[in-house]
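Novice: Encoded as structure tokens, here's the structure I'll be asking about.
Residue numbers (full-length UniProt numbering): 1 to 107.
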């Protein structure tokens, strides 16, 4: 292995970039080769790889998240609601800044 203490800082950064790229390429090829070997081993023994690994059947993947039911509404504009999840809308922030309490906005 090379004596890295003799390299300049720009040379070390360039080397680091090359090493990082090579690691990424190596991970992809090793992963692919391993998957092929596992498939072949499973096939040689009469199994399907998905059967052995317990993969979910097609169509059983993650469901998209849906917005929850509104839990709070703006007393000044009933069309503005908030589920209580995620970032507070500006009207909630303004209401709280003016001394209001979140519980009073509950639907």
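Note that the Cβ used here is the ideal one computed from N, Cα and C, for glycine as well.
Since residue 81 sits in a beta bridge, which residues does DSSP pair it with?
Specialist: Numbered from 1 along the chain shown, position 81 holds the residue referred to as residue 81. Residue 81 pairs with 73.
Novice: Buried or exposed: residue 13, going by 16 or more other Cβ atoms within 10 Å of its Cβ?
Specialist: For the purposes of this step, residue 13 is identified with residue 13 of the chain shown, where counting begins at 1. That one is exposed.
Novice: Identify the residues that DSSP records as bridge partners of residue 106: which are they?
Specialist: On the chain shown, residue 106 is found 106 positions in, with the first residue counted as 1. DSSP, once it has assigned bridges, lists 72 as partnering residue 106.
Novice: What span of residues does the alpha helix (DSSP H) with residue 101 cover, start to end?
Specialist: The residue you call residue 101 lines up with position 101 of the chain shown. From DSSP, residue 101 is part of no alpha helix (DSSP H); its letter is neither H nor E.
Novice: DSSP state of residue 37, grouped into three classes?
Specialist: Numbered from its first residue, the chain shown carries residue 37 at position 37. Note: residue 37 maps to helix in three-state DSSP.
Novice: Taking buried to mean at least 16 other C-beta atoms within 10 Å of its own C-beta, is residue 105 buried or exposed?
Specialist: On the chain shown, residue 105 is found 105 positions in, with the first residue counted as 1. Label assigned to residue 105: buried.
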